[in-house]
Amino acid sequence: MSEVLTTRVAGNIGIVEIASPPVNALSTAVRAAVIEGLRVHNADDAVAAIVILCAGRTFFAGADIAEFDHLPIKQPDFDALMTTAESSPKPVVAAIHGTALGGGFELALACNYRVAVPSAKVGFPEVHLGLLPGAGGTQRLPRLIGTGAALDLILSGKPVPAAKAAEMGVVDLLAEEGKLEETAIAFAQDVAAKGAPWPKVRDRAVAGGLDEIEAIKAKHKRQFKGFKAPGHIVQALEAAVTLPFEEGLRREQELFGELLISRESAAQRHVFFAQRLTAKVPDIGKDVPILPIRKVGVIGAGTMGGGITMNFLQAGVPVTLVEMKQEALDRGIATIRKNYERTAAKGRMTMEQVDKLMSLIDPVLSLDALADVDLVVEAVFEEISIKKDIFGQLDGICREGAILASNTSFLDLDDIASATSRPEWVVGMHFFSPANVMPLLEVVRGAKTGKEVIATVMKLAGTIRKTPVLAGVCHGFIANRIMEHLIVQSQQMVLEGVPLRTIDKVMNDYGFAMGPIAMLDLIGLDVLVHGASGRTLMGDFVAAGRRGQKTGKGFYDYDADRKATLSDEAAKIIGDFATYTGIAPDPGQSEENIRQRLLYPVVNEGAKCLEEGIALRASDIDVAAILGYNWPVFTGGPMFWGDTIGAATLLQGLKDLEGRYGSAFTPAALVQKLATEGGRFVNR
Ligand code: 3H9
Numbered sequence: 006m007s008e009v010l011t012t013r014v015a016g017n018i019g020i021v022e023i024a025s026p027p028v029n030a031l032s033t034a035v036r037a038a039v040i041e042g043l044r045v046h047n048a049d050d051a052v053a054a055i056v057i058l059c060a061g062r063t064f065f066a067g068a069d070i071a072e073f074d075h076l077p078i079k080q081p082d083f084d085a086l087m088t089t090a091e092s093s094p095k096p097v098v099a100a101i102h103g104t105a106l107g108g109g110f111e112l113a114l115a116c117n118y119r120v121a122v123p124s125a126k127v128g129f130p131e132v133h134l135g136l137l138p139g140a141g142g143t144q145r146l147p148r149l150i151g152t153g154a155a156l157d158l159i160l161s162g163k164p165v166p167a168a169k170a171a172e173m174g175v176v177d178l179l180a181e182e183g184k185l186e187e188t189a190i191a192f193a194q195d196v197a198a199k200g201a202p203w204p205k206v207r208d209r210a211v212a213g214g215l216d217e218i219e220a221i222k223a224k225h226k227r228q229f230k231g232f233k234a235p236g237h238i239v240q241a242l243e244a245a246v247t248l249p250f251e252e253g254l255r256r257e258q259e260l261f262g263e264l265l266i267s268r269e270s271a272a273q274r275h276v277f278f279a280q281r282l283t284a285k286v287p288d289i290g291k292d293v294p295i296l297p298i299r300k301v302g303v304i305g306a307g308t309m310g311g312g313i314t315m316n317f318l319q320a321g322v323p324v325t326l327v328e329m330k331q332e333a334l335d336r337g338i339a340t341i342r343k344n345y346e347r348t349a350a351k352g353r354m355t356m357e358q359v360d361k362l363m364s365l366i367d368p369v370l371s372l373d374a375l376a377d378v379d380l381v382v383e384a385v386f387e388e389i390s391i392k393k394d395i396f397g398q399l400d401g402i403c404r405e406g407a408i409l410a411s412n413t414s415f416l417d418l419d420d421i422a423s424a425t426s427r428p429e430w431v432v433g434m435h436f437f438s439p440a441n442v443m444p445l446l447e448v449v450r451g452a453k454t455g456k457e458v459i460a461t462v463m464k465l466a467g468t469i470r471k472t473p474v475l476a477g478v479c480h481g482f483i484a485n486r487i488m489e490h491l492i493v494q495s496q497q498m499v500l501e502g503v504p505l506r507t508i509d510k511v512m513n514d515y516g517f518a519m520g521p522i523a524m525l526d527l528i529g530l531d532v533l534v535h536g537a538s539g540r541t542l543m544g545d546f547v548a549a550g551r552r553g554q555k556t557g558k559g560f561y562d563y564d565a566d567r568k569a570t571l572s573d574e575a576a577k578i579i580g581d582f583a584t585y586t587g588i589a590p591d592p593g594q595s596e597e598n599i600r601q602r603l604l605y606p607v608v609n610e611g612a613k614c615l616e617e618g619i620a621l622r623a624s625d626i627d628v629a630a631i632l633g634y635n636w637p638v639f640t641g642g643p644m645f646w647g648d649t650i651g652a653a654t655l656l657q658g659l660k661d662l663e664g665r666y667g668s669a670f671t672p673a674a675l676v677q678k679l680a681t682e683g684g685r686f687v688n689r
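Letter by letter, the sequence shown follows residues 6 to 689 of my numbering.
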């Protein structure tokens, strides 16, 4: 018997139990084990029905995604597994706890019955991996719940709680929590006693036609741009409607095969693993203690401080919120409340919950109130002298062992830490705006930051539902540092006379939801010029009262619906500044030139971050760009994309750009090395 399989018999019920931690992914060994378990019980005359269940935290969480990097899929494949379960002469009951996802859910659908505990969830997350359910899911699910509902569930990728699944007719019986096995056994005894025939999903007719597909497609239309899987999913559902079951299965397998070898899926699978890797810091083992964070202090109740505060409130952590002036404090608190009330108005929160969250804030006007907090997050102006002054004061106020974090986005953390007598307790927690929404947290490790501080903050990121990416100290850390090139180059091109719309379009076509110019307007030009010295283009915009979307005008003009139109005034500001700087006009650049100019230096800077040890690994840079700047997921992030185009192409492109535009494009040594060796940034 295999290492992952246990077969046992309870009364007249054969149990197939799989234990393949952490998530019982359906690897080749696991698929073989399930088939073997079914064979054993089918061969045993004392067994009347079979229950499949999993040990550990979850039912099968789907295919083993790592195996998709090594094609072809080995035998026994998914088809063999599903066919074995579905054609079992004895009835088979899937007993579900945790999450039955992807191939795991498909296996459950190939069984005759499904029993689940209320805490369980079932679903098809394949779309997030650039895939579709390729083991019969697109053909069986519509036979159970109808075409429209099935397409909706598969396109959303969201798991459905067991109770809802029971309502939909996917789950036959809800078991009491903690009593899954005994309930499934009793259920299996019942169905065995009733005798054949036992229902098979494949024998049911598909409810709902092609018209339902159109309606659901429209609902998810934003999901289709740039992604390949949604369109294929629709085709698979169409096949369920128009073809007999077996032919539908074959069509599904064909479509799955196309996705499996697609660049988009490779990129999305890379991102899946990359996101789970960021929290792993090579020199910080499990032995490093995680400190309890029961109470937090946030300094600054502005946009950033308010957003940061909300993260902790939602995690149930009380926050002492410090401002210098009563008016600013009141304004900050009111904004937080308004945000929550807006959520409540949408029905996603009750007013009681709003009040409860607000009651976790202790608004104060003095840093002295931070004497007993476990963590302070400073979120004041990006001004080194102010930050150093605050950290100097915190040093005298905060208890020993409190973590002192700065939300600085560009400044030298080591310089800030030097204002204290305890630099080992100082760390960067760099949130992205809006801080309550954006899922990235850059954790900045200073030269002296202690290991337990890093371990604690990396863990804390999970508590406040952020993905942490560790960064070393440098100007802009990872995300801002690499993405600054995109902003600088777009400004440069604007001054050369390249139409704003062209620049934005090139990045939209690449996959960004928003082009760089529109993004600057959204962030606010005043925020961006803060601290800049000398005359700048954005400074001129701000001086003319054009601060971006919030003032109805920036690079573009905006109407009440935030629709952007071109502005003569903006064109004049740009023209005047171009004259002032003496930039040579070059308005007719090709889209390819624009694309390379905007994106190659980002990858190049990422390479420098790796060389300098600012980022731990290339995949961390990808996660930072995707989660911090909405870099399109289906490209895998800048470094994965750099691998897609290849280091040699990148190197040549950078050299050409360097020749035309100067040192901003000088290739990093790592790019040269990879181009020579034929290597990749991302190695998994
Ligand atoms: C599929 O099924 C295709 C079929 O339709 C068709 C085939 C023909 N494979 O997320 P966690 C690892 S596609 C390999 O931190 P949680 C993960 O990398 C699949 N590895 O835990 C991590 O490793 P490490 C459809 C996997 O408790 C560890 O397990 N299914 C897989 O926060 C723990 O993961 C999915 O897309 C996998 N399938 O969340 C489900 N899953 O410890 C993907 C996890 O080394 N998985 N790992 O970092 C999930 O959504 C979550 O892992 C789950 C648990 C909700 C299950």
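We put the beta carbon where it would ideally sit given N, CA and C, even for glycine. All figures in this text were calculated on a predicted structure; none of them were measured in a lab.
With a threshold of 16 other beta carbon atoms within 10 Å, aspartate 648 meets it and is buried. Distances taken from the Cβ of isoleucine 266 to the heavy atoms of ligand 1 include none shorter than 7 Å. Spanning the alpha carbons of isoleucine 578 and aspartate 545 requires a straight line of approximately 7 Å. In the three-state reduction of the DSSP assignment, valine 9 falls in the coil class. In this structure tyrosine 585 is exposed. Its beta-carbon is surrounded by fewer than 16 other beta-carbon atoms within 10 angstroms. In chain order, Leu372, Asp373, Leu375, Ala376 place their CB closer than 8 Å to the CB of isoleucine 402, counting only its own chain and leaving out the 5 sequence neighbours on each side. Taking 7 Å as the cut-off, one finds at least one heavy atom of ligand 1 near enough to the beta carbon of proline 130. Only residues of its own chain outside the window of five on either side were considered, and among them Asp526, Gly529, Leu530, Gly559 have a CB closer than 6 Å to the CB of glycine 553, listed in chain order.
Beta-bridge partners assigned by DSSP to histidine 435: Glu447. Beta-carbon to beta-carbon, asparagine 29 and isoleucine 23 are separated by about 6 Å, close enough to satisfy the 8 Å threshold.
Between lysine 613 and the set Phe670, Asp566, Ile650, Gln594, the nearest pair of CA atoms involves Phe670.
Along the length of the stretch 126-166, whole alpha helix (DSSP H) runs at least 4 residues long occupy 142-150, 152-161, reported in chain order. Distance from the CA of valine 39 to the CA of threonine 33, rounded to the nearest whole angstrom, comes to 10 Å. Comparing alpha-carbon positions, the option among Leu418, Phe639, Ala589, Asn17 lying closest to lysine 95 turns out to be Asn17. The beta carbon of glutamate 111 sits closer than 7 Å to at least one heavy atom of ligand 1. By the CB criterion at 8 Å, isoleucine 459 and aspartate 420 fall outside the cutoff.
For threonine 586, the uninterrupted alpha helix (DSSP H) run begins and ends at 573-586, by DSSP. Between leucine 446 and leucine 621, the gap from beta carbon to beta carbon reaches 8 Å or more. Taking 8 Å as the upper bound for CB-CB distance, valine 301 and leucine 380 are in contact here, some 5 Å apart.
Cβ-Cβ distances below 7 Å link glutamate 610 to Arg486, Ile487, His490 in the same chain, with the five nearest sequence neighbours on each side left out; the list follows chain order.
Its chain contains Leu491, Gln494 as the residues whose beta carbon lies nearer than 6 Å to that of leucine 603, once the 5 sequence neighbours on both sides are disregarded; these appear in chain order. Runs of alpha helix (DSSP H) with 4 or more residues, each lying fully within the stretch 457-540, are found at 484-500, 505-515, 521-528, 530-534, listed in chain order.
The three-state reading of DSSP puts lysine 613 in helix, counting H, G and I together.
Cβ-Cβ distances below 7 Å link tyrosine 634 to Ala484, Met488 in the same chain, with the five nearest sequence neighbours on each side left out; the list follows chain order. Across the set Lys224, Val327, Pro504, Ile221, the C-alpha of Pro504 shows the shortest separation from the C-alpha of proline 521. For aspartate 208, there is no enclosing beta strand (DSSP E), as DSSP gives it neither H nor E.
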